[in-house]
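35 is the number of the first residue of the sequence shown in the working numbering; add one for each residue after it.
Taking it in order: structure first as C-alpha cells, then the write-up.
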Amino acid sequence: MEEVSPSPPTPSPHLRDPRTVAVLAAAAVFVAFLASGLLVQTLNVAFGIWFTQIFVFVGLGWLVLRATGRDPARYTGLAFPGLAPVAFGFVLGLANFFAIVAPIQYVAQSLLPPAWREIYDVADMFRGQSSLEMAFIVASVTVVAPICEEFFFRGVFFQGLRAHGGPVMRGVLLSAVVFSMFHLDPVGFFARVELGVLFGWLLVRTGSLWPAILAHTANNLVSIVLFFAARHLEMPEQAASREQAKGILMLVILGGAVLWALLAATRHFPSLLGPLRPREELEAPEAAVTLAPAPQLLRLAVPWMLAAVLSLGAYKAVDPLGIQLSRIDRDYPLRSIPEDAPDALHAERAALYELRVRARRGEIPLGEYAQERARQSKPKRTDVR
Numbered sequence: 035m036e037e038v039s040p041s042p043p044t045p046s047p048h049l050r051d052p053r054t055v056a057v058l059a060a061a062a063v064f065v066a067f068l069a070s071g072l073l074v075q076t077l078n079v080a081f082g083i084w085f086t087q088i089f090v091f092v093g094l095g096w097l098v099l100r101a102t103g104r105d106p107a108r109y110t111g112l113a114f115p116g117l118a119p120v121a122f123g124f125v126l127g128l129a130n131f132f133a134i135v136a137p138i139q140y141v142a143q144s145l146l147p148p149a150w151r152e153i154y155d156v157a158d159m160f161r162g163q164s165s166l167e168m169a170f171i172v173a174s175v176t177v178v179a180p181i182c183e184e185f186f187f188r189g190v191f192f193q194g195l196r197a198h199g200g201p202v203m204r205g206v207l208l209s210a211v212v213f214s215m216f217h218l219d220p221v222g223f224f225a226r227v228e229l230g231v232l233f234g235w236l237l238v239r240t241g242s243l244w245p246a247i248l249a250h251t252a253n254n255l256v257s258i259v260l261f262f263a264a265r266h267l268e269m270p271e272q273a274a275s276r277e278q279a280k281g282i283l284m285l286v287i288l289g290g291a292v293l294w295a296l297l298a299a300t301r302h303f304p305s306l307l308g309p310l311r312p313r314e315e316l317e318a319p320e321a322a323v324t325l326a327p328a329p330q331l332l333r334l335a336v337p338w339m340l341a342a343v344l345s346l347g348a349y350k351a352v353d354p355l356g357i358q359l360s361r362i363d364r365d366y367p368l369r370s371i372p373e374d375a376p377d378a379l380h381a382e383r384a385a386l387y388e389l390r391v392r393a394r395r396g397e398i399p400l401g402e403y404a405q406e407r408a409r410q411s412k413p414k415r416t417d418v419r
C-alpha cells in the first residue's frame, strides 16, 4: 500500500484575510513607531525622522507585502500615472490646505486649551537646530514623509482594508483616522483626518499613489513655508489675532474657489485624474493571501534590520556631539512658557536655543549650554504646568 505524505498545515484563515493582515501590520508599525522611532528621535530629531519613515513605515510595510506574496510597488500603486494626475494632485493639495486644513486647524487651536497648543507645538523640533539639521528636517517633512507615509497608510493599510470588498470610502475614512492617530497630535487630529480622506480619494480615483504623495508634499511644503515666514513677523498679540482671523477668512474664500474649480475641471477634463474605474471593480473583494513561513519572514527582515543597525552605528560614529546635546536636552526637560509670560522669559528661552546652536558648532563648551539648560529647566512662578 502506497503511503501518502501528509499535506502541510493550512495557515490560519484569520491570518490569510487581507484586512486582518493590514490591521496586524498597522499594530506592528505602531509598536515599532513608539518603541524605536520615537526613541531614535531622542538621539537627533533630523536623523530620527528619517529613520522612522524609512525603516518603520516603508520597511515594515514592504515586509508585510513580501510576506504575503505581493509585489510592493505594484500593490501599493507606485506605477507612474502620467504628469497630469501628479501635477493635479500637487495643486489640489495646495488648494485644500488653504480652503479646508487651515480653517480646521485655526478652529482647533482656538477652542482647545492653550496648554495643548504648547505641548503639541511642532515648532519645537526646529528650535536649537543647526542649519544642516534644519535642512534635513525640512527635506524629511516635505519629501521623505509624504512618500513613506503614503506607502504605508494608503498603499499597505488602506489597500488591505478595501480588500474585504464593500464601500471604498469606508476604508478611506478608517485609514485617514488611523493616519491621524499615528501623529499623536490632538490639536491637528481633524485636519489630518481630512487630509487622509483626500489622499485616499486620490488613490482610489487615479489608481496610483503618486497624486496622493504630491498632494501630501504640497500640504507639508506650504505649512513649512508659512511657519518660517511667521517667525519673521512680529506684532502685538491682539493685532496678530485679528490679522490672523482676517487672513484665514480670505484663505478660505480664495482656496475654496480654487478647490471648487479644480474639482469641477475633472468633470470636463477626465484626463486630469485618468479614466474612472467601475464601482464593481473598486468594491470587488481581494482573494485570500498566504503568509510566508517563519524562516522566510526572517530572511526578508534581516536586510532591513541590518541596515537599521548600521545606520544607527554610523550616526553614533559621525555625530557624537549631537548625541551629547540630545542627552543634555533629555536630562533637563524644559517647561513651556505661557504665551502671556513676560517678554524677558521668552527672550531668555530664545537665547538658550541660540546657545545650543553655538554649542552644536563647537563655538562654546557643552558644559556652558548644559548649565544654562539646567537653570531654565527649574520651575518658575510663571509656569503653568
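No residue lacks a Cβ here, since even glycine has one placed at the ideal position from N, Cα and C.
> Can you check whether the CB of residue 186 is closer than 8 angstroms to the CB of residue 63?
Replying inline: yes
>> Let's test the definition: count the other Cβ atoms within 10 Å of the Cβ of residue 305 and tell me whether it reaches 16, buried, or not, exposed.
In response: exposed
> Mapping DSSP to helix, strand and coil, what is residue 300?
Replying inline: helix
>> Please give the ranges of any alpha helix (DSSP H) in the stretch 107-153, keeping only runs that are unbroken, at least 4 residues long and fully inside the region.
In response: 117-130, 136-145, 148-153
> Using 8 angstroms as the Cβ pair cut-off and three pairs as the minimum, do the stretch 203-217 and the stretch 134-151 touch?
Replying inline: no
> Mapping DSSP to helix, strand and coil, what is residue 380?
Replying inline: In the structure shown, residue 380 falls within a helical segment according to DSSP collapsed to helix, strand and coil.
> For residue 101 versus residue 170, is the C-beta spacing smaller than 8 angstroms?
Replying inline: no
> Within 10 angstroms of its Cβ, does residue 238 collect 16 or more other Cβ (buried), or is it exposed?
Replying inline: buried
>> Quick check on the burial criterion: 16 or more other C-beta atoms within 10 angstroms. Buried or exposed for residue 259?
In response: exposed
>> For residue 134 and residue 228, which I take to be in contact (beta-carbon distance under 8 angstroms), what is that distance rounded to the nearest angstrom?
In response: 6 angstroms
> Distance, Cα to Cα, residue 210 vs residue 252?
Replying inline: Just so you know, the alpha carbons of residue 210 and residue 252 end up roughly 18 angstroms apart.
> Which class does residue 311 belong to by DSSP, given the choice of helix, strand or coil?
Replying inline: Residue 311: coil per DSSP, three-state reduction.
> Distance, Cα to Cα, residue 372 vs residue 402?
Replying inline: 26 angstroms
> Thinking just about the alpha-carbon of each residue, which of 196, 336, 244, 353 is nearest to the one in residue 313?
Replying inline: That would be 196, whose Cα lies nearest to the Cα of residue 313.
>> Report the CB separation of residue 55 from residue 98 in whole angstroms; it is logged as a contact under 8 angstroms.
In response: 7 angstroms
> Could you give the distance in angstroms between the alpha-carbon of residue 232 and the alpha-carbon of residue 130?
Replying inline: 9 angstroms
>> Please report the distance separating the alpha-carbon of residue 163 from that of residue 391.
In response: Rounded to whole angstroms, the separation of the alpha carbons of residue 391 and residue 163 is 6 angstroms.
> Which word fits residue 86, buried or exposed, when buried means at least 16 other C-beta atoms lie within 10 angstroms of its C-beta?
Replying inline: buried
> Under 8 angstroms between the Cβ atoms of residue 293 and residue 300?
Replying inline: no
> Where does residue 158 sit, in a helix, a strand or coil, going by DSSP?
Replying inline: helix
> Beta carbon of residue 120, beta carbon of residue 244: below 8 angstroms?
Replying inline: Yes, they are a contact pair.
>> If contacts are defined as beta-carbon pairs under 8 angstroms, then residue 357 and residue 166 qualify, I think. What distance do you get, rounded to the angstrom?
In response: Contact doesn't hold; Cβ gap of about 15 angstroms is too wide.
> Are the beta-carbon atoms of residue 202 and residue 254 separated by less than 8 angstroms?
Replying inline: no
> Where does residue 366 sit, in a helix, a strand or coil, going by DSSP?
Replying inline: coil
> If residue 242 and residue 111 are in contact, beta carbons under 8 angstroms, what's the gap, nearest whole angstrom?
Replying inline: 5 angstroms
>> Since residue 151 and residue 221 should fall inside the 8 angstroms C-beta cutoff, what is the C-beta to C-beta distance between them, to a whole number of angstroms?
In response: 6 angstroms
> When DSSP labels each residue in this structure, what does residue 389 get in the three-state scheme?
Replying inline: helix
>> Considering only their Cβ atoms, is the gap separating residue 191 from residue 66 smaller than 8 angstroms?
In response: no
>> I'd like the list of long-range same chain contacts for residue 485, defined as Cβ closer than 7 angstroms, with 5 residues on each side in sequence excluded.
In response: Nothing in the structure corresponds to residue 485, since the chain is present only between 35 and 419.
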